[in-house]
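To start, the structure itself, in structure tokens.
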Amino acid sequence: GEDVEQSLFLSVREGDSSVINCTYTDSSSTYLYWYKQEPGAGLQLLTYIFSNMDMKQDQRLTVLLNKKDKHLSLRIADTQTGDSAIYFCAEIPYGGSQGNLIFGKGTKLSVKP
Amino acid sequence: EAQVTQNPRYLITVTGKKLTVTCSQNMNHEYMSWYRQDPGLGLRQIYYSMNVEVTDKGDVPEGYKVSRKEKRNFPLILESPSPNQTSLYFCASSFLGGDYNEQFFGPGTRLTVL
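First to last, the protein sequences are chains Z and F. With the numbering used here, letter number 87 in the first sequence gets 87, and the count goes up by one each step, no holes. Each position in the second sequence, counted from 1, maps to that position plus 1000 in the numbering used here.
Dropping the structure here:
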């Protein structure tokens, strides 16, 4: 079945780069997503990448997609304390409706000052 | 302001006492969904709806009901809550048929069943 795997925790120092990794099983996914959940809040779409792209950059965020290895990563440059949150990788599996996202368990990013 | 609202935000109840968590969106989205979030388990989908009067089970539907009588509302009903339904619940909505279809999430409802 479909599965999205992420490590559960990541701790970095302020100003360093953070890299959050994700592996997924369904190579038919058209889009892959990163959602961010700040403490006490719902999830918000952070960024997404179309499956025919290898990389997408958006200010401090860089998304890398390796379709061969089914590996997705999110790099946050110059990580700030405000980036402390849980980051979820998500995909829409083959045959799924566009709303049926499959989420990973989330990676909790802690940023130390 | 475009948003998904949920009520209540916090609820403590007892086993067996029926409850409803409301969800409303003002973006005219076709798709609405309920998730529960538990430590170490991530988000799991309970039920979803593709449009009015169209609902379907997600991954963990047991013990829950939903209805979609109007496009904007998608209440979650627990007919006889049990302690294993203690969790953080999120409602979400999105358009269908578009491009990357961002899902918009409500702020969450923290439910404790004693």
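All C-beta atoms in this analysis are idealised placements derived from N, C-alpha and C, irrespective of residue type, glycine included.
Check                                                                                                                                                                                                               : Outcome
May I ask which residues mark the beginning and end of the beta strand (DSSP E) holding glutamine 57 of chain Z?                                                                                                    : 55 to 58
How far does the beta strand (DSSP E) with threonine 1109 of chain F in it reach, from first residue to last?                                                                                                       : 1109 to 1113
Between the region 1088 to 1104 of chain F and chain Z, which residues of the former have a C-beta closer than 9 angstroms to a C-beta of the latter?                                                               : Phe1090, Cys1091, Ala1092, Ser1093, Ser1094, Phe1095, Leu1096, Gly1097, Gly1098, Asp1099, Tyr1100, Asn1101, Glu1102, Gln1103, Phe1104
Tell me whether the region 33 to 45 of chain Z and the region 1016 to 1033 of chain F touch, counting them as touching only if at least three CB pairs, one residue from each stretch, are closer than 8 angstroms. : no
Quick one: is alanine 77 of chain Z buried, meaning 16 or more other Cβ sit within 10 Å of its Cβ, or exposed?                                                                                                      : exposed
From serine 1080 of chain F to glycine 1063 of chain F, what distance separates their C-alpha atoms?                                                                                                                : 7 angstroms
Along chain Z, in chain order, which residues have C-beta atoms closer than 7 angstroms to that of leucine 1078 of chain F?                                                                                         : What leucine 1078 of chain F touches in chain Z: nothing, since even the nearest Cβ is about 20 angstroms away.
Is it the case that the Cβ atoms of threonine 1015 of chain F and leucine 1076 of chain F are separated by a distance below 8 angstroms?                                                                            : no
The beta strand (DSSP E) with leucine 109 of chain Z in it runs from where to where?                                                                                                                                : 107 to 112
Closer than 7 angstroms, Cβ to Cβ, to anything on chain F: give me those residues from the region 50 to 77 of chain Z, in chain order.                                                                              : none
Any Cβ of chain Z within less than 8 angstroms of the Cβ of proline 1107 of chain F?                                                                                                                                : yes
Have a look at isoleucine 1012 of chain F and lysine 67 of chain Z and give me their C-alpha separation to the nearest angstrom.                                                                                    : 45 angstroms
Within the continuous beta strand (DSSP E) that includes phenylalanine 1090 of chain F, where are the two ends?                                                                                                     : 1087 to 1094
Which class does aspartate 1059 of chain F belong to by DSSP, given the choice of helix, strand or coil?                                                                                                            : coil
Roughly how many whole angstroms lie between the Cα atoms of leucine 1096 of chain F and serine 29 of chain Z?                                                                                                      : 16 angstroms
Determine the chain F residues that contact phenylalanine 103 of chain Z at a beta-carbon separation under 7 angstroms, and present them in chain order.                                                            : Gly1042, Leu1043
Looking at the C-beta of tyrosine 24 of chain Z, does it have a partner C-beta in chain F at a distance below 8 angstroms?                                                                                          : no
Leaving out the 5 sequence neighbours to the left and right, which residues in its chain are closer than 8 angstroms to valine 1060 of chain F when beta-carbon positions are compared?                             : Arg1036, Arg1044, Gln1045, Ile1046
Excluding sequence positions up to five away, which residues of its chain have a Cβ less than 6 angstroms from the Cβ of alanine 1002 of chain F?                                                                   : Met1027
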